[in-house]
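As you go down the protein sequences, you meet chains Z and H in turn. Numbering-wise, the working numbering comes out as the position in the first sequence, counting from 1, plus 12. Numbering-wise, the working numbering comes out as the position in the second sequence, counting from 1, plus 12. Report on the following structure.
There are 2 protein chains.
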Amino acid sequence: MNIEMIRAAAARLEGHARRTPLLSSPFLDEIAGKPVFVKPECLQHTGSFKFRGGWSALTALAPETRESGVIAFSSGNHAQGVAYAAKLHGVPAVIVMPSDAPKLKIANTRALGAEVVLYERGSQDRDAIGAKLARERGLTLIKPYDEPQVIAGQGTAGLEIAADARAQGIEQADVFVCCGGGGLTSGIALALEADAPGYSVRPCEPEGFDDVARSLKSGKIETNAKLSGSLCDAIITPAPGEMTFPIMLRLCGEAVIVTEEEALKAAALAFQRLKIVVEPGGAVGLAAALFHADKSDAPNLIAVCTGGNVDADVFAQTLATL
Amino acid sequence: MNIEMIRAAAARLEGHARRTPLLSSPFLDEIAGKPVFVKPECLQHTGSFKFRGGWSALTALAPETRESGVIAFSSGNHAQGVAYAAKLHGVPAVIVMPSDAPKLKIANTRALGAEVVLYERGSQDRDAIGAKLARERGLTLIKPYDEPQVIAGQGTAGLEIAADARAQGIEQADVFVCCGGGGLTSGIALALEADAPGYSVRPCEPEGFDDVARSLKSGKIETNAKLSGSLCDAIITPAPGEMTFPIMLRLCGEAVIVTEEEALKAAALAFQRLKIVVEPGGAVGLAAALFHADKSDAPNLIAVCTGGNVDADVFAQTLATL
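So, in structure tokens, the structure goes:
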């Protein structure tokens, strides 16, 4: 895993992934007490940065391998990113989803051209179902974060942050990244190490799901006690990845933990001041920048808003915090 | 008023105005039955395209004139665009607002550094107050649309549309623009005439406020019977401008009229599929593209979402249409 793989992914993404801008508002600067910039990956295709990794992984496959199709688990943003990347390539995508996943997410994944295979969460083994399908149909598994080409794809967001922020004269910054398994966080950290050495990545997590914070402190992979019960579901994973964690340990600053209420409030401010739609889990980095700026010595803060796939009722709850 | 003025404005806006991307979603394409691209000017500084015109007008003034300050009327998007452009120049801005304007808009305009002068809508003459202030303090009036440098600034959005859509291989398109006084519409029409001659601008208006549609039909400036009572308040003006109308008459295709419900539904789809926040008036162009695609022979549709300054309660109403 190295910077050349990220640059190669960027070349493959060029003209296919959306180049998201850097947003800002004097109102947000005032809350943080210093300049805040926002990388709105909610504006990426399928509403999250996951399209970058999906596209990167698909385009890294040999054409004959790719043509047989790909498979992914998850009812979330990774599923949609992989499904859409496969659709644009005209190759089959199978997404294995729990049967109790929201109907809208199942419908959306199907509408993006994927074949959805449902399994019973309690009684069926997801991995076994996936492995059988992959073997029978020659599908390639695209893992959500512990996969070099996925990390490389997510890292392209870091190259863009470095280019756009440095063009604005910013040489020193803390970059707050919502962190689940660490694919985006480690990819951005590698990109910034190369292109913006004065920038430091700060992984951000919701309270109660601080596996990365604890892992960075102890120096080894720690797990979460629970995996549900948060509106920040998009970034809840069992533990940092075996491939992503060593990168984070080497390059990241201390993690920042925010409350669910702070995440909702940050998403509400993103609505009001930036006019973007951010899901609670995608607003954790912005919440850290706005409400925990005192945990950073950097003169500038950059927050990645990682996704915007939020249902209307949760968004209404978000707006109620204004 | 000519294309060279728009190109000069673009040079002055470079690095100051935000270069908004072109967004799209396969779900929106499906609704329209053909490819739909969205220019999200809600992501512009202050949440609407008006910052372009404000910045263009301020930078076109002689430095000694600009230093004395500027004045604008309106409680809306133009006020905020001018106020923020003045703040960034460190020059005074006076915004004359009705005393019954929403408290939040007054507070925001003040927070953007402007001096807000309130007047009583029923008993006081806004123009007289403005003229007196301008004379006493040497302020320059920045009109919202009938002002060449404002039209030139708004037209820069058209240059970007032409560049970005043509880079995607689009040679023929109808461009749906939410239309109030016609500053943005005429500016974009001039830009496209020069840079994308296969593109045609279609002004879009809410039902009951179709002054531009009727003016284009009759060939002379027609007025609206009423000026309130619409959630699309951002684009309700008495009549097309004397400077903007001849440009629209020469260059624009037939206007498209949408219902308020269609505008809300389009804003809800922009939330769901593009992750952007659009106010009802700013969604009129997208509503035309999505729900009146049959009124266009063009193979591609481009809609400008002009602004996102919507209160949480109206946005909740928007989401309820999903």
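Beta carbons: idealized from backbone N, C-alpha and C, even for Gly.
- Rounded to the nearest angstrom, the Cβ distance from residue 85 (chain H) to residue 138 (chain H) is 6 Å, consistent with a contact under 8 Å.
- Shown here, residue 60 (chain H) sits in a strand according to DSSP, grouped into three states.
- Chain order gives no chain Z residues near residue 181 (chain H), where near means a beta carbon separation below 9 Å; the closest approach is about 11 Å.
- The DSSP-derived three-state label of residue 157 (chain H) is coil.
- Listed by position along chain Z, the residues whose Cβ is nearer than 8 Å to that of residue 288 (chain H) are 55, 287, 288, 289.
- Taking the Cα positions, residue 278 (chain Z) is about 37 Å away from residue 203 (chain H).
- In its chain, beyond the 5 residues on either side, 47, 182, 185 have a beta carbon closer than 6 Å to the beta carbon of residue 312 (chain Z).
- If you draw a straight line from the Cα of residue 113 (chain Z) to the Cα of residue 136 (chain H), it is about 59 Å long.
- Flagged as an interface residue toward chain H: residue 331 (chain Z), by a C-beta distance shorter than 7 Å.
- Scanning the stretch 82 to 139 of chain Z from its first residue to its last, the whole alpha helix (DSSP H) runs of 4-plus residues come out as 89 to 101, 115 to 123.
- In terms of beta-carbon proximity, residue 91 (chain Z) stays away from the interface with chain H, with every pair separated by 7 Å or more.
- Non-local C-beta neighbours of residue 18 (chain Z) in its own chain, meaning closer than 7 Å and more than five positions away in sequence, comprise 164, 167, 168, 171, 199, 202, 203, ordered along the chain.
- Residues of the same chain with a CB within less than 7 Å of the CB of residue 305 (chain Z), apart from the 5 flanking positions on each side, are 44, 45, 46, 313 in chain order.
- Of all C-beta pairs linking the stretch 314 to 328 of chain Z to the stretch 284 to 297 of chain Z, three or more are shorter than 8 Å, placing the two stretches in contact.
- In this structure, residue 157 (chain H) keeps its C-beta atom at 7 Å or more from the C-beta atom of residue 59 (chain H).
- Residue pairing by DSSP places residue 188 (chain Z) opposite Z:214, Z:315 in a beta bridge.
- When beta bridges are read from the DSSP output, residue 51 (chain Z) appears opposite Z:316.
- Look at residue 171 (chain H): its C-beta is not under 7 Å from any C-beta on chain Z.
- One thing to note: residue 162 (chain H) has its Cβ no nearer than 7 Å to the Cβ of residue 74 (chain H).
- According to DSSP, residue pairing for residue 298 (chain Z) in a beta bridge does not occur.
- For residue 88 (chain Z), the closest of Z:235, Z:155, Z:140 by C-alpha to C-alpha distance is Z:155.
- At a cut-off of 7 Å between C-beta atoms, residue 283 (chain H) counts as an interface residue with respect to chain Z.
- DSSP places residue 224 (chain Z) in the uninterrupted alpha helix (DSSP H) bounded by 223 to 230.
- Collapsing the DSSP output to three states places residue 196 (chain Z) in a helix.
- Residue 152 (chain H) and residue 78 (chain H) have their C-alpha atoms spaced approximately 8 Å apart.
- Within the stretch 311 to 327 of chain H, those residues whose Cβ lies closer than 7 Å to any Cβ of chain Z are, in chain order, 320, 324, 327.
- Selection Z:104, Z:179, Z:175 evaluated against residue 145 (chain Z) yields Z:104 as nearest (Cα-Cα).
- In this structure, residue 195 (chain Z) keeps its C-beta atom at 7 Å or more from the C-beta atom of residue 235 (chain Z).
- Shown in chain order are the members of the stretch 27 to 45 of chain Z whose Cβ falls below 9 Å from a Cβ of chain H: 27, 30, 31, 32, 33, 34, 35, 36, 37, 38, 39, 42.
- Neighbours of residue 59 (chain H) in chain Z, taken as residues whose beta carbon is under 7 Å from its own, are 287 in chain order.
- Note that the C-beta distance between residue 209 (chain Z) and residue 243 (chain Z) is not below 7 Å.
- Going by beta carbons, residue 51 (chain H) and residue 247 (chain H) fall outside the 7 Å limit.
- Counted as a single uninterrupted DSSP element, the beta strand (DSSP E) harbouring residue 268 (chain Z) occupies residues 268 to 270.
- Residue environment for residue 92 (chain Z): buried (at least 16 other C-beta atoms within 10 angstroms of its C-beta).
- Here residue 64 (chain Z) is buried: its Cβ has 16 or more other Cβ atoms, across all protein chains shown, within 10 Å.
- For residue 262 (chain Z), the uninterrupted alpha helix (DSSP H) run begins and ends at 256 to 263, by DSSP.
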